Each structure stands twice: as structure tokens, then as C-alpha cells.
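Letter by letter, the sequence shown follows residues 140 to 510 in my numbering. Positions of the beta carbon are idealized from the N, C-alpha and C atoms, including for glycine. Quick caveat: nothing in here was measured; it's all calculated off a predicted structure.
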Amino acid sequence: MASILRRETGQREIRYRAQVRIKGYPPQCRTFERRKDAIAWARDREAELKTGRGAGSWAEDHLFAELVDRFEAKVLPGMPRIDHGYRAHLRWWRKELGKYFLKNITVSVIWECRERLLREKGSAGRVRGRATVNRYLTALSTVLRLGEKLEWIDANLVRKVGKETEPDGRVRFLSRPEDERDSELVRLIAACERSECADLADLVKLALYTGCRANELLSLRSAYVRVEAGGFTLPAELSKNGEARFVPLAGEAMAIVRRRLGRTDEEADLIFPGRDGAPRAFPRNAWERALEEAKIKNFRFHDLRHTHASYLAMMGATASELKETLGHKTLAMVGRYAHLADDHKSRVSARLAAQVEWWVAKEFRDRREVS
Numbered sequence: 140m141a142s143i144l145r146r147e148t149g150q151r152e153i154r155y156r157a158q159v160r161i162k163g164y165p166p167q168c169r170t171f172e173r174r175k176d177a178i179a180w181a182r183d184r185e186a187e188l189k190t191g192r193g194a195g196s197w198a199e200d201h202l203f204a205e206l207v208d209r210f211e212a213k214v215l216p217g218m219p220r221i222d223h224g225y226r227a228h229l230r231w232w233r234k235e236l237g238k239y240f241l242k243n244i245t246v247s248v249i250w251e252c253r254e255r256l257l258r259e260k261g262s263a264g265r266v267r268g269r270a271t272v273n274r275y276l277t278a279l280s281t282v283l284r285l286g287e288k289l290e291w292i293d294a295n296l297v298r299k300v301g302k303e304t305e306p307d308g309r310v311r312f313l314s315r316p317e318d319e320r321d322s323e324l325v326r327l328i329a330a331c332e333r334s335e336c337a338d339l340a341d342l343v344k345l346a347l348y349t350g351c352r353a354n355e356l357l358s359l360r361s362a363y364v365r366v367e368a369g370g371f372t373l374p375a376e377l378s379k380n381g382e383a384r385f386v387p388l389a390g391e392a393m394a395i396v397r398r399r400l401g402r403t404d405e406e407a408d409l410i411f412p413g414r415d416g417a418p419r420a421f422p423r424n425a426w427e428r429a430l431e432e433a434k435i436k437n438f439r440f441h442d443l444r445h446t447h448a449s450y451l452a453m454m455g456a457t458a459s460e461l462k463e464t465l466g467h468k469t470l471a472m473v474g475r476y477a478h479l480a481d482d483h484k485s486r487v488s489a490r491l492a493a494q495v496e497w498w499v500a501k502e503f504r505d506r507r508e509v510s
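Given below as C-alpha cells:
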């Protein structure tokens, strides 16, 4: 369908903007000084696209929306639940590219979408960060990989567009009593225990003790818990890396799970039950009130996972141990905690040096006393 828009320039000159919109193709636009030239161009361009002369045969091509439908029906249900954030990303891509034929999604089209993602504000009302834009591109790339397998496209062009350079991984953790007198750790736990939300303190403590993500804990069921083994096993569909993993429980963490397993209500299968037998929603308001009461800024619930890993690194845990406890597939993801482990090594080395110096000095003192 073609449209002609009359426009007046700053110099009071008249221009005519012709636009052609054909299903499966990007909008085609061009500006002319004369209206009849705009009409002629729009008519010719529309005919070219409809007959396939403008961008190849189109009668047997597939729309991007068809590929997204196939992905959501066949692939997404088998992915870990944590990756179902793809749905929000795919809604954006469907809105932008849904009416395009796959053959018309070029590198330049994807590049323009990437630039738009960087300029737009997301659902939180803030301009999207580079890491967030990369997650959108990852979702698109995953869908286009399905297109390659189906032989609907020849190549996944996201690889040619490339991704944004991300800042170093964020490591925000709660200060400890040994770091400062009135530590963030103590203040947060106290605020959570005073919260009107009965689940908040347990949820926060389990996140600290286990390093699990919020959705993993909220989806935890009694069937996953193995008290005799001292922990619980997260099934593959709940784990971000798609592999089942064992999470140990000790001390207060085990006491919390045992107590919640001892409930007699109908929804006792879920450790954190919600309504109608579903996992409870994350207590966002209670969490934010607890942070405000504890006077803790720039801290997210996911940072409890960073706190767990940071404490382990400062206690001397190796990269392999961190990888296992966090459930990462590679060591690369735990590199952000390396400097904390180095700090621990420096402190250990300093203690050793002080001890050796004391031993040597004591030996000389003993010799002098004997002589």
C-alpha cells in the first residue's frame, strides 16, 4: 500500500514523501519535489515488490512472525524456565520484524534495530544498557538458528552484526561485621526479620547461604530436597545452564528448609507456596522496604548471589569451587571474583610472613637468653 505525504520545508518549499508498505518487506520511502513523481515512483516500486523484482521471489517465503511462533511452540518449552525471559525480548522483535519476510531481514535491518534498542527506554523507564541489548540480540540469534535448521534462511545474520562491549561484571556484595561495625549484612537480616512478609527473611537467608537465584528458590519443591544428603537438587528445567545441580544446605539454611517442609497446609509441596498451587511471586515491595529500612543502596536481590560467591572467595574458595556452587558451565563466569580470592591470598601470605618473623625473632631471643 502506497501513501503520499505533503510536507513543507523550513524554506517554505513543498516536498512529497512517498512511502510503500508491502507485507514482508521493510517500508520503502523517497522524497520528491513534484507530487506526480512521487506517485509514479510509489506505483512502480509497489509493482516491483509485488512481482518479486524488487527483492527476489516472495510467494513461498516465511514471515519472521511464523518463525517466532514455531520457536515458542517447539523450542521455548524445553528451555530452562529462567530463560523464559526470552518471551519479553521476542515480543519486541515480533513488533519490529514480525511482518518482514525472513529474506528481507538484512544486516542493516538488524543493526538499525540494535541502535533503536540502545536509544529506547525499557520497561523500567531507563535507557537500556549494553548488556540488556545483548540479551535481546541473543534471543534473536537463537530464533534465527532455528530458521537455519529449518532451512528457512541461509545464515544467522546476528553473527555479522556483533554485540555491544559489556562492562566488567558487577560484583556488589554486603559488607560484613569484620569490614565495618554496623555492617550491611546485619542491617539487612534484621530488617527482613522485622518485615510483615513472613517469607522474606527465609528467602534472603537461603539466597545468602546457597547462592541460588530468586526464581530457583521460589520454585523449590519438597520433592527436590534430600535431607539425608544435606541439600536439594535443582532439576535441569530450573537451572540456567540447563543441567541439574546439587545445592548443599548447612546450619540455618537446613533448619529453614526443614521448618518449611514441616508445614501441614495443602500447598506443602512448595517451599514458598503462592496462590492456586503456583510458586509465590517475588515479594518486591517487602524487599524494597527492607533495603530502605536497612539504608542499603544500589543493591539488587541477585546481588545476594554475588555476596555468597564473594564471601566464599574471601574465605579462600578456588575458582573450580565457585564454579560448582554457582552452577556455571565454565570458569570464565567466576573470573569477576578473582581479585577477592587474591585479597584472601595476600592476607594469608601476610599472616604467614608475620608468623615466620615471630618464629625467627623468638629463636634469636631464646639463644640470647641461653648464652
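Euclidean distance between Cα positions of Lys-501 and Gln-494 = About 10 Å.
query = With a cut-off of 8 Å, do at least 3 Cβ pairs link the region 444–452 to the region 339–349?
reply = Touching, yes.
ask   = From Val-499 to Lys-462, what distance separates their C-alpha atoms?
value = Straight across, the Cα-Cα distance linking Val-499 with Lys-462 is about 40 Å.
key: Segment limits, beta strand (DSSP E) that includes Glu-147   = Start and end: 141–147.
request  = Using only alpha-carbon positions, find the residue among Gly-381, Gly-401 and Tyr-476 that is nearest to Val-366.
outcome  = Comparing Cα-Cα distances from Val-366 to each of Gly-381, Gly-401 and Tyr-476, the minimum goes to Gly-401.
inquiry  = Let me confirm a value: Ser-196 is counted as buried when at least 16 other C-beta atoms fall within 10 Å, else exposed. Which label applies?
reply    = Confidence at Ser-196 is low in this model, with a pLDDT of 42, below 50, so its placement is unreliable and no value can be given for it.
task = Give the DSSP-derived three-state secondary structure of Cys-168 in the structure shown.
result = Here Cys-168 carries a strand assignment [DSSP, helix/strand/coil].
message = Can you confirm whether the region 164–181 touches the region 203–217 when touching is taken to mean that 3 or more C-beta pairs between the two stretches lie within less than 8 Å?
response = With the cut-off at 8 Å, the region 203–217 and the region 164–181 do not touch.
message = Using 8 Å as the threshold, is the C-beta distance between Cys-351 and Val-386 below it?
response = Yes, they are a contact pair.
key: Sequence-distant residues of the same chain with beta carbon closer than 6 Å to Val-343, five excluded per side   = Within the same chain, Val-343 has close Cβ partners Cys-331.
message = Do Arg-154 and Arg-146 have their beta-carbon atoms positioned less than 8 Å apart in this structure?
response = Using a Cβ distance threshold of 8 Å, Arg-146 and Arg-154 count as a contacting pair.
Cβ-based burial, Arg-253 [other Cβ within 10 Å; buried from 16] = So Arg-253 ends up on the buried side.
key: Pairwise C-alpha distance: His-228 and Glu-376   = The alpha-carbon separation between Glu-376 and His-228 amounts to approximately 20 Å.
ask   = If we ignore side chains and look at the alpha-carbon of each, how far apart do Trp-231 and Tyr-476 end up?
value = Rounded to the nearest angstrom, the two C-alpha atoms are 34 Å apart.
query = CA-CA distance, Arg-174 and Glu-235?
reply = Between Arg-174 and Glu-235, the C-alpha separation is close to 30 Å.
inquiry  = Can you tell me which residues form a DSSP beta bridge with Ala-346?
reply    = As DSSP reads the structure, Ala-346 sits in no beta bridge.
ask   = Are Arg-151 and Thr-170 closer than 8 Å when you measure CB to CB?
value = No, the Cβ-Cβ distance between Arg-151 and Thr-170 is not below 8 Å.
task = Output the distance between the C-alpha atoms of Arg-423 and Ser-488, rounded to the nearest integer angstrom.
result = Arg-423 and Ser-488: Cα-Cα distance of roughly 43 Å.
ask   = In three-state terms, what does DSSP make of Gly-369?
value = If DSSP states are grouped into helix, strand and coil, Gly-369 belongs with coil.
request  = Name the residue from Ser-262, Arg-233, Val-282 and Val-310 whose alpha carbon lies nearest to the alpha carbon of His-441.
outcome  = Of all alpha-carbon atoms in Ser-262, Arg-233, Val-282 and Val-310, the one lying nearest the alpha-carbon of His-441 is that of Val-310.
task = Out of Leu-289, Val-207 and Glu-251, state which residue places its alpha-carbon closest to the alpha-carbon of Leu-279.
result = For the residues Leu-289, Val-207 and Glu-251, the minimum Cα distance to Leu-279 belongs to Val-207.
task = May I ask you to check if the CB of Tyr-363 is nearer than 7 Å to at least one heavy atom of the ligand FAD?
result = This structure lacks the ligand FAD; in fact it carries no ligand of any kind.
task = Compute the distance between the beta-carbons of Arg-398 and Phe-411, then report whether it is under 8 Å.
result = Going by C-beta atoms, Arg-398 is not nearer than 8 Å to Phe-411.
ask   = Which of helix, strand or coil does DSSP assign to Pro-216?
value = Correct three-state label for Pro-216: helix.
inquiry  = Once DSSP output is grouped into helix, strand and coil, what is the label at Lys-260?
reply    = In the three-state reduction of the DSSP assignment, Lys-260 falls in the strand class, which pools E and B.
inquiry  = On the DSSP letters alone, give me the boundaries of the beta strand (DSSP E) that Arg-428 sits inside.
reply    = Taken as a continuous stretch (DSSP letters only), Arg-428 belongs to no beta strand (DSSP E), being part of the alpha helix (DSSP H) at 423–433.
task = In angstroms with no decimal places, state the Cα-to-Cα distance between Val-325 and Met-393.
result = For Val-325 and Met-393, the gap between their C-alpha atoms comes out near 20 Å.
ask   = Bridge partners of Phe-385, per DSSP?
value = Looking at the DSSP output, Phe-385 sits in a beta bridge with Thr-372.
message = Within a Cβ cutoff of 7 Å, which residues of the same chain sit near Glu-303, ignoring the five residues on either side of it in sequence?
response = Only Arg-269, Val-272 and Asn-273 meet the Cβ criterion.
From Ala-340, Ser-314, Cys-168 and Arg-360, residue whose alpha carbon lies closest to that of Gly-413 = When only C-alpha atoms are compared, the closest one is Arg-360.
Sequence-distant residues of the same chain with beta carbon closer than 7 Å to Arg-315, five excluded per side = Ser-322 and Leu-324.
message = Tell me the DSSP secondary structure of Ile-249 in three-state form.
response = The answer is helix: DSSP assigns Ile-249 an H, G or I state.
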